[in-house]
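Trainee: Here you go, one structure.
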Amino acid sequence: MKITFKIWRQESPKDKGAIKKYEVDGLTEDMSFLEALDHLNELLVLKNEKVIAFEYDCREGICGQCGVFINGRAHGPHDHITTCQLHMRSFKDGDTIVVEPWRASSFPIIKDLVVDRSAFDRIIEQGAFISSKTGTAPEANAIPVPKEISDRAMDAAACIGCGACVATCKNASAALFTAAKINHLNSLPQGKAEEHKRVAEMTYQMEKEGFGNCTFTGACEVECPESISIVNIAEMNARRIQTNIIG
Amino acid sequence: MKLDSKIPEGKLEDKWRNYQVKSQLINPANKKKLNILVVGSGLSGAGAAATLAELGYDVKCFCYQDSARRAHSVAAQGGINAAKNYQHDGDSVYRMFYDTLKGGDFRSREANTYRLAELSAPLIDHYVQQGVPFAREYGGTLVNRSFGGVQVQRTFYARGQTGQQLLLAAYSQLYKMVRAKKVEMFPRSEMLDLVVIDGKAKGIIVRDLVTGELKRFAADAVVLATGGYSRVFRLSTLAIGCNGSALWKAHKKGALFGAPSFTQIHPTALPQSSEAQSKLTLMSESLRNDGRIWVPKMKADTRKANEIPEEERDYYLERRYPSFGNLAPRDIASRAAKERIDAGFGVGRLKNSVYLDFKHAIEKFGIETIEDRYGNLFKMYKKITGIDAYKEPMQISPAAHFSMGGLWVDYELMTTIPGLYAIGECNFSDHGANRLGANSLLQASVDGYFILPNTINNYLASEIKTTTITTNHPEFEKAEKETKANIQKVLAINGTKTVDHFHRELGKVMWQECAMSRNKAGLEKAISQIKTIRDQFWEDVKVTGDDKEMNTELEKALRLADFIELGILMCTDALEREESCGAHFREEFQTEEGEAVRKDKEFSYVSAWAYHQGDFKLHKEALEFEFVQPSVRSYK
Chain A
1347 MKITFKIWRQ ESPKDKGAIK KYEVDGLTED MSFLEALDHL NELLVLKNEK VIAFEYDCRE
1407 GICGQCGVFI NGRAHGPHDH ITTCQLHMRS FKDGDTIVVE PWRASSFPII KDLVVDRSAF
1467 DRIIEQGAFI SSKTGTAPEA NAIPVPKEIS DRAMDAAACI GCGACVATCK NASAALFTAA
1527 KINHLNSLPQ GKAEEHKRVA EMTYQMEKEG FGNCTFTGAC EVECPESISI VNIAEMNARR
1587 IQTNIIG
Chain B
81 MKLDSKIPEG KLEDKWRNYQ VKSQLINPAN KKKLNILVVG SGLSGAGAAA TLAELGYDVK
141 CFCYQDSARR AHSVAAQGGI NAAKNYQHDG DSVYRMFYDT LKGGDFRSRE ANTYRLAELS
201 APLIDHYVQQ GVPFAREYGG TLVNRSFGGV QVQRTFYARG QTGQQLLLAA YSQLYKMVRA
261 KKVEMFPRSE MLDLVVIDGK AKGIIVRDLV TGELKRFAAD AVVLATGGYS RVFRLSTLAI
321 GCNGSALWKA HKKGALFGAP SFTQIHPTAL PQSSEAQSKL TLMSESLRND GRIWVPKMKA
381 DTRKANEIPE EERDYYLERR YPSFGNLAPR DIASRAAKER IDAGFGVGRL KNSVYLDFKH
441 AIEKFGIETI EDRYGNLFKM YKKITGIDAY KEPMQISPAA HFSMGGLWVD YELMTTIPGL
501 YAIGECNFSD HGANRLGANS LLQASVDGYF ILPNTINNYL ASEIKTTTIT TNHPEFEKAE
561 KETKANIQKV LAINGTKTVD HFHRELGKVM WQECAMSRNK AGLEKAISQI KTIRDQFWED
621 VKVTGDDKEM NTELEKALRL ADFIELGILM CTDALEREES CGAHFREEFQ TEEGEAVRKD
681 KEFSYVSAWA YHQGDFKLHK EALEFEFVQP SVRSYK
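Protein chains in written order, with the numbering used here: chain A, 1347 to 1593; chain B, 81 to 716.
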């Protein structure tokens, strides 16, 4: 396969970036999108050029580290996948593919396609945990959790923190990410004790980080590799109102 | 060198309690004055960092990823074992201990293995309390399933994302302590050297992966929680960034390396499809609970799987191991697959895989049940291969997976360098020559949450009396200078071949000669081939960019240089062990039916290697079986 890549290159946060064009031959349909970029990087090294910085780790769709805009869509042309799960068979020989970093001012560019998503960690830091020390747990079956509730918690807990929801949102909102974590913990009996505090503090941090507001267009749900539902956002908002009333 | 494993006295079930009763304590006011560096933020690292901080220590935690939430523990799918006997099927701590010891082919310590089983039950309580959404019955109690190598249902799971859920729990506990300002987190940071002062681990040299700056960190103890090193094979189920550099640097500074050649080959990965492939994706072993493994009875059969009638299918695991069938342990299932593939019965485009078929399970339980149990795995399989496994069988193949070897540690999880600990997959203990499914999340977790936070006090209690070392110490100066020189050396080569080129070369040699089966001639050849790769790497590698920026090529090059040296040690270890056990199958030692022949009289020890000017010296820790008589492992 022969592909023309148009890729965002940016030396550092301070530098001005630009799209650069690369003609790449010798790709195969079996290659993952990231393997195609690996291949391009090997060619660049041999031409004595700097490699394109991009992120990945597990390459199994679960670590959440990979993530770029491909032809204007987060993680590429399909719904509900990560970039590492995208294969070159999704493109045609001779295609031109535009690759850009996540777009959101709360995710500043570090280099080329790599962005800083530490804002997510700071949201987690504000209450995405159950406060109990190691060694203080009661017997696991002492607190029954009905299957429906456990399943619902799991649906929300599946978030991989890749940031596609933010990147694809026209408001660069982190509502889906934050809501997923809040609902995971709030729906379980163990997480109930801190539910109002959790909602208040995590959403406060979300706004402080500069993420936009949610206007329910649903783009995040489409691009989310784990298909996390925007119902979570509605639930988070309802709990926010409750929290505000209760104080 | 005398290796003191520090096994406590008493009966098996009393050892851990006896240890805790006798170990030293540190008063909370003094804990604040003690600093601990934790390298790695996966299940063991995050668990340890969070718990040590809760206890009052001052903790710094490092990871190479952009966030602790990405650590490779996140990718484990199937589950975590615990002896709870919820299913009333006869499980107990002793049975779990015995299964684990036997599964490891009697090449692990009794006391460590027993402790692993003993701490498994409270660990499940702990994770449930942290909010892990484990699978539940409608009434709200926890569900279990069975896993390879055992006949009871003791595996707890959260869909096919158990590792993710446990890791997220550990990560959230870690950030709870970051918020409390008791843990300082350093993401995008890679440890490049260990600083040893007066024979004790006192600090590390770290490269900031964004700016390239080298930084020094001093502490009273260093904990390595850096995971496995199976990327030495290049193609493995591990995350691309997983590396052995921190371990290797510690080894070169005096920490002994235990059982380096014991690498688990996982039977259920997706097959390699081309040379350009960067990794192999694991499909959870839990699939073997309901999936049946087969190949066609006819060699080089070109028919599609669904066109091959029942009587022309060879369910070879069920045929060879009737009592365990598709649930035979990983080493046995992997070798059996290789045997069929090598004999010409492999399927798929490259004829390098076998079928994992859900047809019967779907007929028996209905598609909804199968979807509920494995839905996300089927989805993942379809994303990667384009094949709908509800309609035709999956194609799977063996792949390099878990490293049972790692830094040698005693019962306290301390290496041979005082003050240096190794926890989770990066130490050698507990699993022996083969790790049973769903025991890796368990070991990483108990090491980090329960064991280390107890044992580290024993060392630190005496450290509190010593003078605090600062990063101005000449040993820090020296270590940083050497690290800088090593980086400059790699950048200056400016050769003609890429880092990946050399990694592919190393991977091919390791997979060919030091994976599922090994022999003397092959291993000797491999050692000489790897030495050639090493020499060529240092003459001809090309790394562009410089060291004062984010430079992913440079990161890869530094890791590969260490992998190459580690590869030589792995082959040396495999060559020395003239027996077959667990994952280590020496072709010279097998029965007529092709089963492994263990030689207990000569090889009932942990090999522990010391580094000596580019060469390795073997030390042995004799394994004494006080409570269990080693038996021949049979799953027939």
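Even glycine gets a Cβ: it sits at the ideal position worked out from N, Cα and C.
Bear in mind the structure is a predicted one, so any value in this text is a computation, not a measurement.
Determine the closest residue to Gly158 (chain B) out of B:Asn456, B:Gly674, B:His581 and B:Thr546, with distance taken between C-alpha atoms.
Mentor: Indexing the second sequence from 1 puts residue 158 (chain B) at position 78. Here the closest residue by C-alpha is B:Asn456.
Trainee: Please report the residue range of the beta strand (DSSP E) in which Pro347 (chain B) lies.
Mentor: If you number the second sequence from 1, residue 347 (chain B) lands on position 267. First-last of the beta strand (DSSP E) with Pro347 (chain B): Thr343 to Ala349.
Trainee: Does Leu1548 (chain A) have its Cβ less than 8 angstroms from a Cβ in chain B?
Mentor: Along the first sequence, one-based indexing puts residue 1548 (chain A) at 202. Residue identity differs from the one stated: residue 1548 (chain A) is Met in this sequence, not Leu. Closer than 8 angstroms: no.
Trainee: Among the candidates B:His581, B:Ala601, B:Met596 and B:Cys594, whose CA atom is the shortest distance from the CA of Arg614 (chain B)?
Mentor: Stepping through the second sequence from its first residue, residue 614 (chain B) is reached at position 534. Nearest C-alpha to Arg614 (chain B): B:His581.
Trainee: Please report the residue range of the beta strand (DSSP E) in which Asn115 (chain B) lies.
Mentor: The count along the second sequence starts at 1 and reaches residue 115 (chain B) at position 35. Under the DSSP assignment, Asn115 (chain B) falls in the beta strand (DSSP E) whose first and last residues are Asn115 to Val119.
Trainee: Are the beta-carbon atoms of Ala339 (chain B) and Ser687 (chain B) separated by less than 8 angstroms?
Mentor: As a first step, residue 339 (chain B) must be located in the second sequence, where it is residue number 259. As a first step, residue 687 (chain B) must be located in the second sequence, where it is residue number 607. Going by C-beta atoms, Ala339 (chain B) is nearer than 8 angstroms to Ser687 (chain B).
Trainee: With H, G and I counted as helix, E and B as strand and the rest as coil, what does DSSP make of Thr361 (chain B)?
Mentor: Along the second sequence, read from residue 1 onward, the residue named residue 361 (chain B) stands at position 281. The answer is coil: DSSP assigns Thr361 (chain B) none of H, G, I, E or B.
Trainee: Output the boundary residues of the alpha helix (DSSP H) element that contains Phe582 (chain B).
Mentor: In the second sequence, counting from the first residue as 1, residue 582 (chain B) sits at position 502. DSSP places Phe582 (chain B) in the uninterrupted alpha helix (DSSP H) bounded by Val579 to Glu593.
Trainee: Taking the alpha carbon of Pro351 (chain B) as the point to measure from, which residue in B:Glu701, B:Leu516 and B:Ser414 has its own alpha carbon closest?
Mentor: The count along the second sequence starts at 1 and reaches residue 351 (chain B) at position 271. Selected option, being the one with the closest Cα: B:Ser414.
Trainee: Please list the partners that Gln253 (chain B) has in chain A, where partner means a Cβ-to-Cβ separation under 7 angstroms.
Mentor: For the purposes of this step, residue 253 (chain B) is identified with residue 173 of the second sequence, where counting begins at 1. What Gln253 (chain B) touches in chain A: Phe1475.
Trainee: Would Gly283 (chain B) and Ala301 (chain B) qualify as a contact pair, given that the criterion is a beta-carbon distance under 8 angstroms?
Mentor: Residue numbering aside, residue 283 (chain B) sits at position 203 when the second sequence is read from its first letter. Residue numbering aside, residue 301 (chain B) sits at position 221 when the second sequence is read from its first letter. For Gly283 (chain B) and Ala301 (chain B), no; Cβs fall outside 8 angstroms.
Trainee: Tell me whether the beta-carbon of Lys622 (chain B) lies closer than 8 angstroms to the beta-carbon of Val1512 (chain A).
Mentor: Start at 1 with the first residue of the second sequence, and residue 622 (chain B) comes out as number 542. Start at 1 with the first residue of the first sequence, and residue 1512 (chain A) comes out as number 166. No, the Cβ-Cβ distance between Lys622 (chain B) and Val1512 (chain A) is not below 8 angstroms.
Trainee: Closer than 8 angstroms by beta-carbon distance: list the chain B residues that pair up with Gln1536 (chain A), in chain order.
Mentor: Position 190 of the first sequence holds residue 1536 (chain A). Per Cβ cutoff of 8 angstroms: Val208, Gln209, Gln210 and Gly211.
Trainee: Looking at chain B, is there any beta carbon in it that lies within less than 8 angstroms of the beta carbon of Asn1578 (chain A)?
Mentor: Residue 1578 (chain A) sits at position 232 when you count from the first residue of the first sequence. Chain B contact via Cβ: absent.
Trainee: Go through the segment 520-550 of chain B residue by residue and report every complete run of the alpha helix (DSSP H) that reaches 4 residues or more, in order.
Mentor: 520-525 and 532-543
Trainee: Might you give, ordered along the chain, the residues of its own chain that have their beta carbon closer than 7 angstroms to the beta carbon of Asn224 (chain B), omitting 5 neighbours on each side?
Mentor: Translated into positions along the second sequence, residue 224 (chain B) becomes position 144. Within the same chain, Asn224 (chain B) has close Cβ partners Tyr166, Gln167, Gln233, Arg234, Thr235 and Phe236.
Trainee: Indicate the three-state DSSP secondary structure (helix, strand or coil) for Tyr501 (chain B) in the structure shown.
Mentor: Mapped onto the second sequence, residue 501 (chain B) falls at position 421. Reduced to three states, the DSSP call for Tyr501 (chain B) is strand.
Trainee: Can you tell me where the beta strand (DSSP E) holding Lys140 (chain B) begins and where it ends?
Mentor: Along the second sequence, one-based indexing puts residue 140 (chain B) at 60. Note, Lys140 (chain B): beta strand (DSSP E), Asp138 to Phe142.
Trainee: Any C-beta of chain B sitting closer than 8 angstroms to the C-beta of Val1397 (chain A)?
Mentor: Residue 1397 (chain A) sits at position 51 when you count from the first residue of the first sequence. Chain B, which has a Cβ nearer than 8 angstroms to the Cβ of Val1397 (chain A), makes this yes.
Trainee: Please classify Leu1386 (chain A): does DSSP put it in a helix, a strand, or coil?
Mentor: Reading the first sequence from its first residue, position 40 is the one you call residue 1386 (chain A). Leu1386 (chain A) falls in the helix class under three-state DSSP.
Trainee: My output table needs one value for Gln1443 (chain A): the three-state DSSP class, helix, strand or coil.
Mentor: Taking the first residue of the first sequence as 1, we reach residue 1443 (chain A) at position 97. Reading off the sequence, residue 1443 (chain A) comes out as Ile, not Gln. Residue state, collapsed to three classes: strand.
Trainee: Looking at chain A, is there any beta carbon in it that lies within less than 8 angstroms of the beta carbon of Asp468 (chain B)?
Mentor: Taking the first residue of the second sequence as 1, we reach residue 468 (chain B) at position 388. Taking Cβ atoms only, chain A never reaches closer than 8 angstroms to Asp468 (chain B), which makes this a no.
Trainee: According to DSSP, what are the bridge partners of Cys651 (chain B)?
Mentor: Residue 651 (chain B) sits at position 571 when you count from the first residue of the second sequence. BP columns for Cys651 (chain B) are empty, so no partner.
Trainee: Comparing alpha-carbon positions, which option in B:Lys418, B:Trp374, B:Leu117 and B:Cys322 lies nearest Val286 (chain B)?
Mentor: One-based indexing of the second sequence puts residue 286 (chain B) at position 206. Val286 (chain B) has its Cα closest to that of B:Leu117, out of B:Lys418, B:Trp374, B:Leu117 and B:Cys322.
Trainee: Quick one: give me the first and last residue of the alpha helix (DSSP H) that Met176 (chain B) is part of.
Mentor: Along the second sequence, read from residue 1 onward, the residue named residue 176 (chain B) stands at position 96. Taken as a continuous stretch (DSSP letters only), the alpha helix (DSSP H) holding Met176 (chain B) covers Val173 to Gly183.
Trainee: Where does Asp620 (chain B) fall in DSSP's three states?
Mentor: Against the second sequence, residue 620 (chain B) aligns to sequence position 540. Reduced to three states, the DSSP call for Asp620 (chain B) is helix.
Trainee: For Asp1467 (chain A) and chain B, any beta-carbon pair shorter than 8 angstroms?
Mentor: What you label residue 1467 (chain A) is simply residue 121 of the first sequence in a count that begins at 1. Judged by the 8 angstroms Cβ criterion, Asp1467 (chain A) is in contact with chain B.
Trainee: So with Cβ pairs under 8 angstroms, would you call His346 (chain B) a contact of chain A?
Mentor: In the second sequence, the residue the question calls residue 346 (chain B) occupies position 266. Taking Cβ atoms only, chain A never reaches closer than 8 angstroms to His346 (chain B), which makes this a no.
Trainee: So which residues of chain B does Ser1478 (chain A) contact, with C-beta pairs closer than 8 angstroms?
Mentor: Translated into the one-based positions of the first sequence, residue 1478 (chain A) becomes position 132. Correct list: Gln209 and Gln210.
Trainee: Within its chain, find whatever has a CB closer than 6 angstroms to the CB of Phe404 (chain B); leave out the 5 residues flanking it on each side and keep chain order.
Mentor: As a position in the second sequence, residue 404 (chain B) is number 324, starting the count at 1. So the qualifying residues of the chain are Tyr715.
Trainee: In angstroms, rounded to a whole number, what distance separates the CA positions of Ser1519 (chain A) and Glu1581 (chain A)?
Mentor: Start at 1 with the first residue of the first sequence, and residue 1519 (chain A) comes out as number 173. Start at 1 with the first residue of the first sequence, and residue 1581 (chain A) comes out as number 235. Roughly 16 angstroms between the two C-alpha positions.
Trainee: Along the chain, where does the alpha helix (DSSP H) containing Pro376 (chain B) start, and where does it finish?
Mentor: For the purposes of this step, residue 376 (chain B) is identified with residue 296 of the second sequence, where counting begins at 1. Not the alpha helix (DSSP H): Pro376 (chain B) falls in the beta strand (DSSP E), residues Arg372 to Pro376.
Trainee: Tell me whether Arg97 (chain B) is buried or exposed, calling it buried when 16 or more other Cβ atoms sit within 10 Å of its Cβ.
Mentor: Here residue 97 (chain B) refers to the residue found at position 17 of the second sequence. With fewer than 16 other Cβ atoms within 10 Å, it is exposed.
Trainee: For Thr221 (chain B), name the three-state secondary structure that DSSP assigns.
Mentor: Here residue 221 (chain B) is taken as the residue at index 141 of the second sequence, counted from 1. Coil, per DSSP.
Trainee: In angstroms, rounded to a whole number, what distance separates the CA positions of Glu1446 (chain A) and Cys1404 (chain A)?
Mentor: The residue given as residue 1446 (chain A) occupies position 100 in the first sequence. The residue given as residue 1404 (chain A) occupies position 58 in the first sequence. Rounded to the nearest angstrom, the two C-alpha atoms are 21 angstroms apart.
Trainee: Between Leu117 (chain B) and the ligand HEM, is there a pair consisting of the residue's CB and a ligand heavy atom that are separated by less than 7 angstroms?
Mentor: Absence of the ligand HEM from the depicted structure is noted, as is the absence of any ligand whatsoever, leaving it without description.
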